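Position one of the sequence shown corresponds to residue 3 (the working numbering), numbered consecutively onward.
Data first, discussion second: the structure below is written as structure tokens.
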Amino acid sequence: MKSLQELLADRTTIDELPETIFRLTCLEKLSLNHCKSLKRLPKSIEKLNSLRELSLLGSALEELPDSIGFLGNLEILNLMWCESLIAIPDSIGNLKSFTELLLNGSSIEVIPASVGSLYYLKALSVGDCKRLHTLPVTIEGLSSMLAFQLDRTLITGLPHQIEFLKSLQKLEIEDCKNLSTLPESIANLSALHTLILNKAVIIELPESIGLLENLIVLRLNQCKKLCKLPASFGKLKNLYHLFMEETAITELPETFGMLHNLRTLKMAKKPYGQAPQISLISEPATSANSEVLPSSFSNLSSLVEFNARAWKIFGKIPDDFEKLLSLEILNLSHNDFHSLPSDMKPLRVFKKLDLSHCKLLKVLSPLPESLQELNAANCTSLESISDLSNLKYLIEIEFTNCEKLMDLPGVEKLMSLIRLYMGGCSYRASAVIRKLDKVALRNLYNLCVPGSEIPDWFTRDELCFSRKKNEAIRSVIIAVVVSKNSQINQDSTLDELPVIAEIEAKILRVTIAVYSGAMNLRGIPNTEDDQLYLCRYPDYHPLVSILENDDKLQVVRRNPQFDPRIMLKK
3 MKSLQELLAD RTTIDELPET IFRLTCLEKL SLNHCKSLKR LPKSIEKLNS LRELSLLGSA
63 LEELPDSIGF LGNLEILNLM WCESLIAIPD SIGNLKSFTE LLLNGSSIEV IPASVGSLYY
123 LKALSVGDCK RLHTLPVTIE GLSSMLAFQL DRTLITGLPH QIEFLKSLQK LEIEDCKNLS
183 TLPESIANLS ALHTLILNKA VIIELPESIG LLENLIVLRL NQCKKLCKLP ASFGKLKNLY
243 HLFMEETAIT ELPETFGMLH NLRTLKMAKK PYGQAPQISL ISEPATSANS EVLPSSFSNL
303 SSLVEFNARA WKIFGKIPDD FEKLLSLEIL NLSHNDFHSL PSDMKPLRVF KKLDLSHCKL
363 LKVLSPLPES LQELNAANCT SLESISDLSN LKYLIEIEFT NCEKLMDLPG VEKLMSLIRL
423 YMGGCSYRAS AVIRKLDKVA LRNLYNLCVP GSEIPDWFTR DELCFSRKKN EAIRSVIIAV
483 VVSKNSQINQ DSTLDELPVI AEIEAKILRV TIAVYSGAMN LRGIPNTEDD QLYLCRYPDY
543 HPLVSILEND DKLQVVRRNP QFDPRIMLKK
């Protein structure tokens, strides 16, 4: 087969390649992925002069022959998850056409120094190499490399020679438990646009990081020992996306407002069971010692999404928030502030606001006309909100457990509203429903209010479906009354769930359940009072689309029970 260019033998049980394979002089790709019996390659493989890609992903390979260094045209070598492979021959440095070396999940202990001769190498991946402790100083020779992946290795540091990787665009060092510092020389990676440090044990970032002027994405999620950002951070003028969730950082540097191109800022912390952090303030919070957002924050005019869940923000959110003109998504849940900016209407592209569990918030000021989703669940001090009638794009409102809230002014004007959750509110909140006309009710997909009665236009018992001739069914609406028995001891973390997952809707065809799914009962009430939930399933939902004559619709408790406190009343 002298003209064969590709040989794909993946997932076969071959245990060796024939020595005569060298006769495939035109072979460009040889794939032996997941060959669990193949432990070695023949020496004659050196004569495959046309070979450009050799892939042994997940095979039983124990060693590579030195002769692999004669494959002068080889560009890609994939040895990922070759768990029996512990070494790479030095001859690999002879592969001058090499562009990708993928070693993820192998058992190699050392990267040979000869790798520094691979001048055209563009990608080197050694993630999940659990025995790899160090990197050779010769990596300085990898001047063409674009991507370097080191996730979950045992390296203790990056050699300062990394500064010579002038073309490097992406550096991934996620979950490296022994890497506690980054070298100052990292600042010389002038082409770097993505730096991933998730789950690192670093305590601080080098001051020189501000020199990475082309950095676009920085990921610091779950760097739980990282206490602060350096003052130079504001010099990252091209930073678009910053992810720093669950760190020990408690305030942002004043230079933060210089990040004029920042689009995404996610710095949420865990709201429940959060362990004490290194730099948390022990004395009572005061405006002098607890500023977490710098005065320059309002200069972030390109910011689209901001998540500061559980950052202990208190007092009043400053009025200059209205300068964040690009803001679309804002999550300030689980904070301690008592009021929002007096007028957020200038935020003309604002779409989603999450204020859930802000237990000191008393008043909701006027909101932008563009708002689509509003979540103020468990704002137990909330007493009043501004008129909603101008929010013509609003599709979802949640006020679960806002027991002091008596009214939603203007809710009857919201023609786009499809989800309204007021479970656990005062019974006076039921007056809200009386405001809604038939058109508004017809548009709702989900509704929850205090109440113990199923509306009289529902079938009370198990429903047997009968399709009417020449009439298409548009939707199925299910109403349930549930309550919570707080006397039953149960894991309190269930209250952190956004929905009651205990009630299921089923379609029985004769005796077989052809559909079964949990109902979307959003909002777990703090009270034992009855709650009425309505769920509408549109024609494209399986609960509607698969219905046939004589099918029976049922609403039942889960079996086995998920939350024994929940009682299905009607």
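Ideal Cβ placement from N, Cα and C applies to all residues, glycine included.
Since the model is a prediction, treat every value here as computed from it, not as a measurement.
Where residue i sits in the DSSP three-state scheme
i	result
G584	Outside the displayed span of the chain (3 to 572) sits residue 584, for which this structure offers no information.
D356	strand
P527	coil
G317	strand
T196	strand
E206	strand
I211	helix
A379	coil
N96	helix
K325	helix
P562	coil
I283	With a pLDDT of only 30 at I283, under 50, the local geometry of the prediction cannot be trusted, and the value read off the model is given with reservation. Residue state, collapsed to three classes: coil.
V484	strand
D68	helix
L126	strand
K437	helix
E142	helix
A115	helix
A277	The predicted position of A277 is uncertain, since its pLDDT is 40 and thus under 50; a value taken from the coordinates is nonetheless stated next. Reduced to three states, the DSSP call for A277 is coil.
Separation of residue j from residue i, as counted between CA atoms
i	j	result
E324	L349	6 Å
S383	L355	18 Å
I90	L170	23 Å
T136	K31	32 Å
K132	Q151	13 Å
E506	N528	21 Å
E605	L34	Here the chain covers residues 3 to 572 and nothing more, so residue 605 does not appear.
D68	S182	36 Å
V558	K471	30 Å
L10	I141	33 Å
P20	C84	21 Å
P208	K271	23 Å
S210	G107	32 Å
R567	K314	31 Å
D552	L570	25 Å
E64	T266	45 Å
A287	V483	Caution is warranted here: a pLDDT of 39 is assigned to A287, below 50, making its placement in the model unreliable, and no coordinate value can be reported.
L58	G129	16 Å
F24	L50	6 Å
L393	P370	7 Å
L79	L334	47 Å
N487	I526	12 Å
L302	K318	19 Å
E176	I204	11 Å
T15	G60	13 Å
D12	L43	15 Å
H36	E48	22 Å
M424	L231	40 Å
Pair within 8 Å by beta-carbon distance, residue i and residue j
i	j	result
P544	R524	no
C28	S46	no
L120	L97	yes
L534	L446	no
C225	A189	no
K353	L326	no
M269	E253	no
S146	L123	yes
L390	L357	no
L103	L76	no
L419	I387	no
C229	E206	yes
Contact set for residue i: own chain, Cβ-Cβ below 7 Å, skip 5 residues either direction
i	result
N180	L156, I157, T158
S116	D92, I94, G95
A233	P255, T257
Cutoff 6 Å; reference residue i; Cβ partners in own chain excluding five residues on either side
i	result
D345	P368
L26	L6
F299	G259
R538	Y447, S477, I479
H336	P273, R311, A312, H359
R221	I198, N200, F245
E165	S187, N190
K605	One cannot answer for residue 605 here, as it falls past the ends of the chain, which runs 3 to 572.
Same chain, Cβ closer than 8 Å to residue i, neighbours up to 5 away in sequence not counted
i	result
I475	R469, D541, V546, L549
I110	L87, I88, A89, I90, V128, C131, R133, L134
Heavy atom of the ligand ADP within 7 Å of residue i beta-carbon
i	result
A202	Absence of the ligand ADP from the depicted structure is noted, as is the absence of any ligand whatsoever, leaving it without description.
Kindly provide the ranges of any beta strand (DSSP E) runs that are 3 or more residues long and lie completely inside the segment 158 to 182, ordered along the chain.
-> Runs of the beta strand (DSSP E) lying entirely within the segment 158 to 182 and spanning at least 3 residues, in chain order: 172 to 174.
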